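Accompanying notes for the structure given below.
There are 2 protein chains.
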Amino acid sequence: MPAPSQFISYIDSNVDSFIKRLGEAVAIPSISGNGAHRQDVFKMGSWLQNQLSALGVQTKSVDLGRHVMDGQDLPLPPAILGKIGNDPKKKTVLIYGHYDVQPAEKSDGWNTEPFSLVVEKETGLLIGRGSTDDKGPILGWLNVLEAHQKLGLELPVNLCFCFEGMEESGSEGLDELITSEAAKGKDGWFGGVDCVCISDNYWLNTRTPCVTYGLRGLAYFKLTVSGPARDLHSGVFGRTVHEPMTDLILLMSKLVAPDGTILVPGVDDMVSAASAEEKSIYDALDYDIKDVEEAAGARIAISSDKATVLMGRMRSPSLSLHGIEGAFYGAGAKTVIPASVSGKFSIRRTPEKVEPLVISYVQSEFAKLNSKNKLNIENLHGGKPWVSDYKHWNYEAAIKATEAVYKVKPDLTREGGSIPVTLTFAESLGVNVLLLPMGRGDDGAHSTNEKLDKSNFIEGTKLLGTYLYEVGAISA
Amino acid sequence: MPAPSQFISYIDSNVDSFIKRLGEAVAIPSISGNGAHRQDVFKMGSWLQNQLSALGVQTKSVDLGRHVMDGQDLPLPPAILGKIGNDPKKKTVLIYGHYDVQPAEKSDGWNTEPFSLVVEKETGLLIGRGSTDDKGPILGWLNVLEAHQKLGLELPVNLCFCFEGMEESGSEGLDELITSEAAKGKDGWFGGVDCVCISDNYWLNTRTPCVTYGLRGLAYFKLTVSGPARDLHSGVFGRTVHEPMTDLILLMSKLVAPDGTILVPGVDDMVSAASAEEKSIYDALDYDIKDVEEAAGARIAISSDKATVLMGRMRSPSLSLHGIEGAFYGAGAKTVIPASVSGKFSIRRTPEKVEPLVISYVQSEFAKLNSKNKLNIENLHGGKPWVSDYKHWNYEAAIKATEAVYKVKPDLTREGGSIPVTLTFAESLGVNVLLLPMGRGDDGAHSTNEKLDKSNFIEGTKLLGTYLYEVGAISA
Chain A
1 MPAPSQFISY
11 IDSNVDSFIK
21 RLGEAVAIPS
31 ISGNGAHRQD
41 VFKMGSWLQN
51 QLSALGVQTK
61 SVDLGRHVMD
71 GQDLPLPPAI
81 LGKIGNDPKK
91 KTVLIYGHYD
101 VQPAEKSDGW
111 NTEPFSLVVE
121 KETGLLIGRG
131 STDDKGPILG
141 WLNVLEAHQK
151 LGLELPVNLC
161 FCFEGMEESG
171 SEGLDELITS
181 EAAKGKDGWF
191 GGVDCVCISD
201 NYWLNTRTPC
211 VTYGLRGLAY
221 FKLTVSGPAR
231 DLHSGVFGRT
241 VHEPMTDLIL
251 LMSKLVAPDG
261 TILVPGVDDM
271 VSAASAEEKS
281 IYDALDYDIK
291 DVEEAAGARI
301 AISSDKATVL
311 MGRMRSPSLS
321 LHGIEGAFYG
331 AGAKTVIPAS
341 VSGKFSIRRT
351 PEKVEPLVIS
361 YVQSEFAKLN
371 SKNKLNIENL
381 HGGKPWVSDY
391 KHWNYEAAIK
401 ATEAVYKVKP
411 DLTREGGSIP
421 VTLTFAESLG
431 VNVLLLPMGR
441 GDDGAHSTNE
451 KLDKSNFIEG
461 TKLLGTYLYE
471 VGAISA
Chain B
1 MPAPSQFISY
11 IDSNVDSFIK
21 RLGEAVAIPS
31 ISGNGAHRQD
41 VFKMGSWLQN
51 QLSALGVQTK
61 SVDLGRHVMD
71 GQDLPLPPAI
81 LGKIGNDPKK
91 KTVLIYGHYD
101 VQPAEKSDGW
111 NTEPFSLVVE
121 KETGLLIGRG
131 STDDKGPILG
141 WLNVLEAHQK
151 LGLELPVNLC
161 FCFEGMEESG
171 SEGLDELITS
181 EAAKGKDGWF
191 GGVDCVCISD
201 NYWLNTRTPC
211 VTYGLRGLAY
221 FKLTVSGPAR
231 DLHSGVFGRT
241 VHEPMTDLIL
251 LMSKLVAPDG
261 TILVPGVDDM
271 VSAASAEEKS
281 IYDALDYDIK
291 DVEEAAGARI
301 AISSDKATVL
311 MGRMRSPSLS
321 LHGIEGAFYG
331 AGAKTVIPAS
341 VSGKFSIRRT
351 PEKVEPLVIS
361 YVQSEFAKLN
371 SKNKLNIENL
381 HGGKPWVSDY
391 KHWNYEAAIK
401 ATEAVYKVKP
411 DLTREGGSIP
421 VTLTFAESLG
431 VNVLLLPMGR
441 GDDGAHSTNE
451 KLDKSNFIEG
461 TKLLGTYLYE
471 VGAISA
């Protein structure tokens with residue numbers, strides 16, 4: 001059942017006002033990872049709650065307590081919950097999104113102010129932090145609600161909303177809320193939910209819409225090597241003491257090879273070989289080595305074989321070295337021997353099982369160094385891997401909606417990133433979870449000059465609305 | 001010829017006012033390595049020039065032009081030159097010092113505000129950035145001048161001063177000034193100079209004064225590995241592209257072993273074995289493994305053999321890894337794949353000859369990685385190594401002065417750090433250069449909680465004055 005034509009017309013007729021609302025949302029720098037912006041995250045939560053209320057949604061703001069970040073004791077941003085519709089004959093869809101964003105400063109390399117939405121006339125790009133991750137998709141749902149309210153149309157399903165403000169910083173507090181509400185069964189906030197839809201990932205390329213049935217998960221490690229009681233002058237202490245940086249760099253060099261092979265024994269072996277059926281999915285994907293190279297902006301694909309690169313993204317574990325805390329990081333030439341340095345790296349896929357492998361391997365490699373420095377290993381946070389049943393009616397609805405709006409069959413993908421809440425919903429509610437992305441593979445979430453194509457915002461809004469009608473048709 | 005007793009008495013009677021003046025100097029945050037503080041460096045230069053003028057020194061401030069630092073076009077701080085005395089029967093001593101300091105912020109781990117001199121009553125420590133490097137020693141000379149002015153005493157030598165404001169940032173502009181003035185012979189600013197005295201290094205330990213006759217020199221390298229056009233999300237791009245951090249960390253791990261052995265072929269071989277005479281100097285030094293471990297604040301000496309550690313500091317090349325520019329360096333858990341990362345490291349000793357060895361080795365190691373990323377190697381700056389004739393009368397004067405003030409024979413040391421101007425003076429003026437330190441081995445120059453012991457400030461002032469009398473006695 002496609003969406004009614006007046007819904008589609010309303011979306012096409014209100015593009016400018018939808019973009020204006022996205023501009024308002026982007027203008028609030030709701031950076032959850034920087035304590036100085038915590039008030040802005042709260043402000044964004046209130047803004048979102050007000051929007052939902054005005055569109056007829058019954059809302060509540062749920063206090064998630066406090067946490068300590070970088071030594072600062074801070075209040076957690078609230079979960080903004082909402083409900084609209086209560087017809088027992090209709091299916092109930094739970095919508096998740098996050099209203100916080102990654103940090104961004106113009107000096108990072110942005111061409112424009114990151115918190116001022118720029119509409120590029122020639123390219124149709126909507127440029128600004130959060131445009132695609134994840135304010136654009138959230139506003140897609142607001143657009144759908146507005147169309148139904150203004151047109152006096154009944155929604156084809158009951159909707160339940162759960163929006164959080166800490167997704168970019170480990171979703172602190174949310175798991176507890178979901179599991180405790182889920183434990184209340186039909187009396188809990190999520191009582192009666194039949195399926196979940198999350199729009200917080202991206203197409204595989206820049207052309208083909210996709211629906212996503214798997215996430216790699218994440219385990220984030222911090223290796224700290226400490227030696228002297230304070231930073232030392234390399235001229236005075238060089239070659240007289242064990243230098244923490246020397247040890248740390250050696251340890252970090254033992255984690256991953258330039259071709260992506262993970263050197264921690266056992267990690268690469270944890271993923272079984274792809275089945276013939278799964279391989280046929282990769283073969284069918286609209287993808288070329290050029291796509292990853294265009295998205296990365298350089299000819300640096302790890303292989304010239306399409307399947308190898310796709311499996312690298314979708315099913316193989318990956319290990320990335322992110323940086324070092326405590327060492328000299330500025331421009332110029334400081335001759336310091338840092339007293340304590342922490343290497344940060346993350347492993348995607350199988351995060352639950354990798355911790356003991358990482359710890360014992362790093363400890364044994366450190367022992368080989370014969371250093372008098374001290375080593376500490378922490379698993380900072382993680383998101384479990386997740387795979388969904390893509391033959392479920394929830395996926396069928398999303399596939400039909402994509403075909404209706406985009407006139408193509410969507411790619412069926414597994415995603416490299418992690419959205420920890422996905423698995424929490426699946427496990428604690430026991431319902432099917434669908435990832436239905438709005439943006440393209442080159443949107444640059446977490447990067448400079450993050451953008452959402454205007455066409456993705458508008459057609460994506462139609463997609464979300466149409467998806468609800470397809471779910472509604474199933475229950476009819 | 002010891003200094004007159006009224007000079008010694010004057011120093012002992014004016015401790016508080018000397019410390020007050022040091023406090024004024026420390027309060028000016030003359031950080032040369034941060035463009036935002038460039039005006040403070042100028043302010044410190046003016047302060048110093050005014051002090052010298054008030055003490056009867058004929059001064060001039062020499063413009064050294066402009067330079068570009070971190071993309072900013074900035075005026076270089078001036079050289080503050082001075083002269084007092086013009087008696088052809090006296091020797092002329094050239095005094096060098098620097099009035100700029102290393103960066104410091106309380107958040108780096110200082111217990112007190114770095115630019116507010118704290119006088120610790122119990123310990124006698126004078127704590128603040130620049131207290132020992134190099135404002136304390138410069139103020140030692142001002143104290144000597146003040147005593148002679150106030151007492152109406154004639155100086156035993158002619159003095160020529162050369163103070164710079166860029167020592168912590170490569171001494172830009174100074175070499176050109178020295179060589180061009182030196183080229184003018186006796187008509188140049190340094191005409192008639194018989195020897196040079198620099199007080200800008202430290203005792204080997206916390207007990208025994210030293211005079212220093214050698215410096216290791218420095219070559220500072222920046223290895224840049226670049227790949228994607230912008231930072232990437234590791235969830236989306238992990239194991240699909242060559243990651244610059246993976247390559248850089250591997251390259252950095254091939255430079256130095258945990259025991260300090262330099263892995264760049266040929267570098268360790270460039271230093272000949274120590275002669276029997278030189279070995280006897282190391283044996284005679286008042287030094288214990290405990291000294292380096294106390295100064296470092298941890299039991300991390302690279303060897304339990306005294307000679308190995310001393311040779312590591314004084315004559316072996318050393319390679320220290322300082323940090324990475326461009327990677328994630330903050331607290332927390334950012335999952336970025338940085339687009340371009342630069343590893344910083346320096347090699348002490350033989351810097352002139354190491355560049356081609358480093359470049360060809362790093363390039364060949366990079367080729368082995370089979371990476372599609374790009375490598376760039378820069379030699380950011382360097383200071384040549386220097387060894388002086390420690391049997392020269394300039395050293396004899398310093399040794400006698402030390403014995404007169406401290407009642408012990410000084411250690412004869414070679415220093416790990418670099419003071420690039422040392423070699424420039426030696427080569428362009430053709431006179432003996434002496435390093436006569438004021439501070440102790442645990443002062444923490446370049447580190448947090450930098451300090452100068454009050455006794456070192458006061459006895460050090462006496463030492464500098466007495467040294468001038470010993471030089472004067474030679475010429476008599």
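Going down the list, the protein sequences come from chains A and B.
Read in full-length UniProt numbering, the first sequence has 70 at position 70, and its numbers run on one by one without any break.
Read in full-length UniProt numbering, the second sequence has 149 at position 149, and its numbers run on one by one without any break.
A virtual CB, placed ideally from N, CA and C, is assigned to each residue, including glycine.
In this text, all values refer to a predicted model and were calculated from it rather than measured experimentally.
Check, Outcome
"May I ask you to list the residues that DSSP assigns as paired with D411(A)?", "C210(A)"
"Would you call the stretch 134-148 of chain B and the stretch 74-83 of chain B in contact, with 3 or more CB pairs under 8 Å?", "no"
"When the cut-off is 8 Å and only beta carbons count, does L412(B) lie next to chain A?", "no"
"What's the C-alpha gap between S131(B) and D175(B)?", "25 Å"
"So is residue 482(B) in contact with chain A if we call contact Cβ pairs under 8 Å?", "Coverage of chain B is limited to positions 1 through 476, which leaves residue 482(B) absent and any answer about it impossible."
"So N158(B) and G417(B) are supposed to be a Cβ contact under 8 Å. How far apart are they, rounded?", "So it is not a contact: roughly 29 Å between Cβ atoms."
"At which residues does the beta strand (DSSP E) containing R66(A) begin and terminate?", "R66 to M69"
"Tell me the DSSP bridge mates of Y96(B)?", "C162(B) and I198(B)"
"Could you confirm whether any beta carbon from chain B is found closer than 8 Å to the beta carbon of R66(A)?", "no"
"Quick check for students: name the residue ranges of the alpha helix (DSSP H) that lie wholly in the stretch 212-250 of chain A, counting only runs of 4 or more.", "234-237"
"Do P410(B) and I399(B) count as a contact pair if the criterion is CB distance below 8 Å?", "yes"
"Kindly indicate which three-state DSSP category K135(B) falls into: helix, strand or coil?", "helix"
"Short of 6 Å in beta carbon distance, which residues of its chain neighbour H446(A), apart from the five on each side in sequence? Order them along the chain.", "Q102"
"Is the shortest distance between the beta-carbon of I31(A) and the beta-carbons of chain B less than 8 Å?", "no"
"Taking 8 Å as the CB-CB limit, is V231(A) close to chain B?", "Per the sequence shown, residue 231(A) should be read as Asp rather than Val. Output row for D231(A): interface = yes."
"Let me know if P209(B) comes out buried or exposed under the rule of 16 or more other beta-carbons within 10 Å of its beta-carbon.", "buried"
"Using the three-state DSSP reduction, which class does G82(A) fall into: helix, strand or coil?", "strand"
"Can you list, in chain order, the residues of the stretch 368-400 of chain A whose Cβ is nearer than 8 Å to any Cβ on chain B?", "L369, N370, S371, K372, N373, L380 and H381"
"Could you tell me which residues DSSP pairs with D268(B) in its beta bridges?", "In the DSSP output, where bridge partners are listed per residue, D268(B) has none listed."
"CB G343(A) to CB L251(A), shorter than 8 Å?", "yes"
"What is the rounded straight-line gap between the Cα of residue 530(B) and the Cα of I289(B)?", "In the structure displayed, chain B extends from 1 to 476; residue 530(B) sits before or after that span and is not available."
"Could you spell out where the alpha helix (DSSP H) holding R348(A) opens and where it closes?", "Careful: R348(A) lies outside any alpha helix (DSSP H), inside the beta strand (DSSP E) at S340 to R348."
"Leaving aside the five residues before and after P317(B) along the sequence, list all residues of the same chain whose C-beta is less than 8 Å from its C-beta, in chain order.", "R216, I262, V267, D268, M270, V271, I347, R348, R349, T350 and V354"
"Relative to chain A, which residues along the stretch 221-248 of chain B have a C-beta separation below 7 Å, given in chain order?", "G227, P228, A229, R230, D231, L232, H233, S234, G235, V236, F237, G238, R239, T240, V241, H242, E243, M245, T246 and D247"
"Just confirm the distance between the C-beta atoms of D194(A) and V93(A), as a whole number of angstroms; I'd bet it's less than 8 Å.", "7 Å"
"For the stretch 306-324 of chain B against the stretch 327-342 of chain A, do three or more pairs of beta-carbon atoms, one drawn from each stretch, fall closer than 8 Å, so that the two count as touching?", "yes"
"For K334(A), would you say it is in contact with chain B, using Cβ-to-Cβ distances shorter than 8 Å as the test?", "yes"
"I'd like to check one pair, L153(B) with P265(B): are the Cβ atoms closer than 8 Å?", "no"
"Helix, strand or coil for A301(A), going by three-state DSSP, please let me know.", "strand"
"Give me the DSSP bridge partner(s) of S455(A).", "According to DSSP, S455(A) bridges with nothing at all."
"Quick one: which residues of the stretch 423-449 of chain B get their C-beta closer than 8 Å to a C-beta of chain A? List them in chain order.", "G441, G444, A445, H446, S447, T448 and N449"
"Listing by chain order, which chain B residues have their CB less than 8 Å from the CB of R299(A)?", "K372"
"Step through the CB atoms of chain A and report whether any lies within less than 8 Å of the CB of K344(B).", "yes"
"For D231(B), I'd like the list of residues in its chain whose CB is within less than 6 Å of its CB, leaving aside the five on either flank, ordered along the chain.", "V336, P338 and A339"
"Closer than 9 Å by beta-carbon distance: list the chain A residues that pair up with G323(B), in chain order.", "M245, I324, G326, A327, F328, Y329, G330, K334, V336, P338 and V341"
"Does the count of Cβ pairs from the stretch 41-49 of chain A and the stretch 14-30 of chain A closer than 8 Å reach three?", "yes"
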